[in-house]
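Undergrad: Just so it is clear: in the sequence shown, position 448 is 1835 by my numbering, and no numbers are missing.
Even for Gly, the Cβ is constructed at its ideal location relative to N, Cα and C.
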Amino acid sequence: MDKRIRIGLALARTPCLIVAVILLNFTGRVFTASAQTETNLYTFGSVPNDGKVPYAGLVQGSDGNFYGTTYSGGTNNHGTVFRISPSGSKTNLHTFGDGNVNFANALVQGNDGNFYGTTYQGGTNGVGSVFRISPAGVYTNLHSFGSPLSDGRQPFAALVQGSDSNFYGTTYFGGTNSVGTVFRISLAGNYTNLYSFAGFPNDGANPQAALVQDSAGNFYGTTVAGGTNGIGTIFRISPAGNETNLHFFGDSPNDGQGPTAAVVQGSDGNLYGTAYGGGSNNVGTIFRISPSGNYTSLYTFGSSPGDGNFIGAGLAQGSDGNFYGTAIIGGVNHQGAVFRISPGGSYTNLYSFSASAVDGHQPNAALVQGIDGSFYGTAPAGGTNNVGTVFRLTVPLSPPANQISAVELAGTNVVLSIPSVATEIYQLQFTSAMTPTNWINQGGSITSSGSLLTVTNLGGALLPQGFYRFDITP
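#1: For a quick check, are the C-beta atoms of Leu-1598 and Phe-1587 less than 8 angstroms apart?
#2: Look up Ala-1848 in the DSSP assignment and say whether it is helix, strand or coil.
#3: Grab me the residues of Asp-1759's own chain with a C-beta within less than 8 angstroms of its C-beta, minus the 5 sequence neighbours each way, in chain order.
#4: Who are the Cβ neighbours of Ile-1827 in its own chain at under 7 angstroms, not counting the five residues just before and after it?
#5: Apply the 10 Å Cβ neighbour rule to Thr-1810 and answer buried if 16 or more other Cβ atoms are within range, or exposed otherwise.
#6: If we require 3 or more residues per run, which beta strand (DSSP E) segments fall completely within the stretch 1528-1597?
#7: Does DSSP put Asp-1858 in a helix, a strand or coil?
#8: Just confirm the distance between the C-beta atoms of Asn-1345 and Gly-1466, as a whole number of angstroms; I'd bet it's less than 8 angstroms.
#9: For a quick check, are the C-beta atoms of Gly-1660 and Gly-1619 less than 8 angstroms apart?
#10: Identify which residue in Ser-1807, Ala-1662, Gly-1614 has its Cα closest to the Cα of Thr-1672.
#11: Please classify Asn-1632: does DSSP put it in a helix, a strand, or coil?
#12: In this structure, how does DSSP classify Gly-1476 when only helix, strand and coil are distinguished?
#13: So Phe-1636 packs on Gly-1665, CB below 8 angstroms; how close in whole Å?
#14: Quick check on DSSP: helix, strand or coil for Phe-1518?
#15: Can you tell me whether Thr-1478 is buried or exposed, with buried defined as 16 or more other CB within 10 angstroms of its CB?
#16: Considering just the uninterrupted stretch of the beta strand (DSSP E) at Asn-1427, what are its terminal residues?
#17: Hey, out of Gln-1704, Gly-1438, Phe-1697, Gly-1693, whose CA is closest to Asn-1720's CA?
#18: I need the DSSP call for Pro-1626, collapsed to helix, strand or coil.
#19: According to DSSP, which residues form a beta bridge with Leu-1815?
#20: Which residue's Cα is closest to the Cα of Asn-1452: Pro-1851, Asn-1773, Pro-1806, Gln-1756?
#21: Do Gly-1533 and Tyr-1582 come within 8 angstroms of each other at the CB atom, strictly closer than that value?
#22: Start and end of the beta strand (DSSP E) containing His-1508?
#23: Assign Leu-1658 to one of three DSSP states: helix, strand, or coil.
#24: Suppose contacts are defined by Cβ-Cβ distances below 8 angstroms. Is Val-1566 in contact with Pro-1767 by that definition?
#25: Kindly confirm or deny that the stretch 1711-1727 and the stretch 1737-1751 touch, where touching means at least three C-beta pairs closer than 8 angstroms.
#26: What number of angstroms, rounded off, separates the C-alpha of Arg-1460 from the C-alpha of Pro-1522?
#27: What are the residues that DSSP puts in a beta bridge with Gln-1600?
#28: Look up Phe-1469 in the DSSP assignment and say whether it is helix, strand or coil.
#29: Report the residue from Gly-1576, Gly-1539, Thr-1799, Ser-1531 whose alpha carbon sits nearest the alpha carbon of Ala-1592.
#30: Between Tyr-1429 and Ile-1471, is the Cβ-Cβ spacing less than 8 angstroms?
#31: Answer yes or no: do Ser-1804 and Leu-1780 have a C-beta to C-beta separation smaller than 8 angstroms?
#32: What three-state label does DSSP hand Leu-1840 in the structure shown?
#33: Once DSSP output is grouped into helix, strand and coil, what is the label at His-1748?
#34: Would you mind sorting Leu-1633 into buried or exposed? The rule is 16 or more other CB atoms within 10 Å of its CB.
#35: How far does the beta strand (DSSP E) with Tyr-1738 in it extend, from its first residue to its last?
#36: Short check: CB of Thr-1799 to CB of Gly-1846, under 8 angstroms?
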């Protein structure tokens, strides 16, 4: 029997706004989730002059491929930029070391389609740089840190593109007080120092993580050191450089300490993050903090058998509303773990990296959820050559299959995502009437493989206001 799931979707005839109301009707269906599955997609060091030791995470480009960096390897042994498909087909795009630029951090794709990143060393002064690289591998150095002397030095973190199209980032050292900076740089390379940290006791020091921008335009970040207790802070900074400290770590018993990762803003508006150490077991915590500074400790690592320890990476919010992350060590085999935590603090160990040489070890970077619903990440150790891997983790997500999880604009197109059931046939349909008598098929039908199904209605944003639904046939 044919089953139809409706979505009431009002579309304003502008590329700036989607308002969605989801109305779902099920007919006695029970959905069963399978266990999570980890797949090694690529082992580094597999070809001559290959990259090695991928400390940084991945970013999925607009072409569907993932882009990343390695800390070492390549022709000059100073690292590489690579592209890898969701199926594991890998291409080296750039080898660092030419022009004294090396040791790259994670990438971000700009709104011009190019990728932007930072290097911890190299550049004219040997203390780091900002670069641009095209999807085809055309490389441009945009800024060399260390000029003038009050400039930032040695960035550990990725950039974030702000709503003004400029990129914002942090440096671990440098600035007026030599304990780090926040900076802004344009697509063309116009560079501005926004803020110099002052350190203990009233300010943070040594920011190691990227920033995140909220809907009001402010940026949030963490510092590893500084603050009242000298073990790190959470701060807010405006695009103009006005900085406010929101939390000093160590101000309460069993608080986290030394946050090395970026915070992420959840769909509820709060910020979620990890602390590398601290907590009641002194192996790290997960926290939530509101934009105004209301702080809550959600979880202390080491609280259950096989739990992860020492969290070097931030969280990624999945399409099910939960947060997913990695632990450097811990897990059943003490080689690292992947975990899930709800916004309320309900924690689950999902995967323990194995002691096998084939599997990756000691993941140090955040995960990214692909458009297929799976999570992708890197491990800087392990693999056949013990110099790291790229892996995919497929996790049964909540909400259950056949419940719409996302509606988004992509230019003039409308993109809808739905966790699906294998072998079922999905047909996207549209109507402009509140009480329709005629649903119009949008594109062809798709037979699902059982992962997150992403359907694009080409030109959908140009349609009149209306409603979408999926017609699903078993």
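TA: Reading it off the structure:
#1: Stepping through the sequence shown from its first residue, residue 1598 is reached at position 211. Stepping through the sequence shown from its first residue, residue 1587 is reached at position 200. Taking 8 angstroms as the Cβ cut-off, Leu-1598 and Phe-1587 do not qualify as a contacting pair.
#2: For the purposes of this step, residue 1848 is identified with residue 461 of the sequence shown, where counting begins at 1. Correct three-state label for Ala-1848: helix.
#3: Start at 1 with the first residue of the sequence shown, and residue 1759 comes out as number 372. These residues qualify, in order along the chain: Pro-1473, Ser-1838, Leu-1839, Thr-1841.
#4: On the sequence shown, residue 1827 is found 440 positions in, with the first residue counted as 1. So the qualifying residues of the chain are Gln-1816, Phe-1817, Thr-1818.
#5: Translated into the one-based positions of the sequence shown, residue 1810 becomes position 423. Label assigned to Thr-1810: exposed.
#6: 1554-1558, 1568-1572, 1578-1583
#7: As a first step, residue 1858 is located in the sequence shown; it is residue number 471 there, counting from the start. Asp-1858 falls in the strand class under three-state DSSP.
#8: The displayed coordinates of the chain run from 1388 to 1861. Any statement about residue 1345 would go beyond what the structure contains.
#9: As a first step, residue 1660 is located in the sequence shown; it is residue number 273 there, counting from the start. As a first step, residue 1619 is located in the sequence shown; it is residue number 232 there, counting from the start. No; because the gap between Cβ atoms is not below 8 angstroms, this pair is not in contact.
#10: For the purposes of this step, residue 1672 is taken as the residue at position 285 of the sequence shown. The option with the nearest alpha carbon to Thr-1672 is Ala-1662.
#11: Along the sequence shown, one-based indexing puts residue 1632 at 245. Strand, per DSSP.
#12: Here residue 1476 corresponds to residue number 89 of the sequence shown, with the count starting at 1. Checking the sequence shown, residue 1476 turns out to be Ser, not Gly. Residue state, collapsed to three classes: coil.
#13: Here residue 1636 is taken as the residue at index 249 of the sequence shown, counted from 1. Here residue 1665 is taken as the residue at index 278 of the sequence shown, counted from 1. Right, the Cβ-Cβ distance comes to about 7 angstroms (below 8 angstroms), so this counts as a contact.
#14: Counted from its first residue, the sequence shown places residue 1518 at position 131. In the structure shown, Phe-1518 sits in a strand (DSSP, three-state: E or B).
#15: Here residue 1478 refers to the residue found at position 91 of the sequence shown. Per the 10 Å Cβ criterion, exposed.
#16: For the purposes of this step, residue 1427 is taken as the residue at position 40 of the sequence shown. Its beta strand (DSSP E) spans residues 1424-1430.
#17: Position 333 of the sequence shown, counted from the start, is the residue given in the question as residue 1720. Selected option, being the one with the closest Cα: Gly-1693.
#18: By one-based count along the sequence shown, residue 1626 stands at place 239. Residue state, collapsed to three classes: coil.
#19: Stepping through the sequence shown from its first residue, residue 1815 is reached at position 428. BP columns for Leu-1815 point to Phe-1857.
#20: Taking the first residue of the sequence shown as position 1, residue 1452 is located at position 65. Here the closest residue by C-alpha is Gln-1756.
#21: Against the sequence shown, residue 1582 aligns to sequence position 195. Against the sequence shown, residue 1533 aligns to sequence position 146. No, Cβ-Cβ distance for Tyr-1582 and Gly-1533 is not below 8 angstroms.
#22: Looking up residue 1508 in the sequence shown gives position 121. The question names His, but residue 1508 is Gln in the sequence shown. Taken as a continuous stretch (DSSP letters only), the beta strand (DSSP E) holding Gln-1508 covers 1502-1509.
#23: The residue given as residue 1658 occupies position 271 in the sequence shown. Correct three-state label for Leu-1658: strand.
#24: The residue you call residue 1566 lines up with position 179 of the sequence shown. The residue you call residue 1767 lines up with position 380 of the sequence shown. No, they are not a contact pair.
#25: yes
#26: Looking up residue 1460 in the sequence shown gives position 73. Looking up residue 1522 in the sequence shown gives position 135. In the sequence as displayed, the identity of residue 1460 is Gly instead of Arg. When rounded, the distance between both Cα atoms is 20 angstroms.
#27: Walking along the sequence shown from the start, residue 1600 turns up at place 213. Answer by DSSP bridge pairing, in chain order: Phe-1606.
#28: Residue mapping note: residue 1469 aligns to position 82 of the sequence shown, counting from 1. Three-state result, Phe-1469: strand.
#29: Working through the sequence shown from its first residue, we reach residue 1592 at position 205. Ranking Gly-1576, Gly-1539, Thr-1799, Ser-1531 by Cα distance to Ala-1592 puts Gly-1539 first.
#30: Along the sequence shown, one-based indexing puts residue 1429 at 42. Along the sequence shown, one-based indexing puts residue 1471 at 84. Going by C-beta atoms, Tyr-1429 is nearer than 8 angstroms to Ile-1471.
#31: On the sequence shown, position 417 is the one that residue 1804 refers to. On the sequence shown, position 393 is the one that residue 1780 refers to. Cβ atoms of Ser-1804 and Leu-1780: not closer than 8 angstroms.
#32: Taking the first residue of the sequence shown as position 1, residue 1840 is located at position 453. Correct three-state label for Leu-1840: strand.
#33: One-based indexing of the sequence shown puts residue 1748 at position 361. Of the three classes helix, strand and coil, the one that applies to His-1748 here is strand, per DSSP.
#34: Residue numbering aside, residue 1633 sits at position 246 when the sequence shown is read from its first letter. Leu-1633 should be labelled buried.
#35: Position 351 of the sequence shown holds residue 1738. First-last of the beta strand (DSSP E) with Tyr-1738: 1734-1739.
#36: Position 412 of the sequence shown, counting from 1, holds the residue named residue 1799. Position 459 of the sequence shown, counting from 1, holds the residue named residue 1846. Yes.
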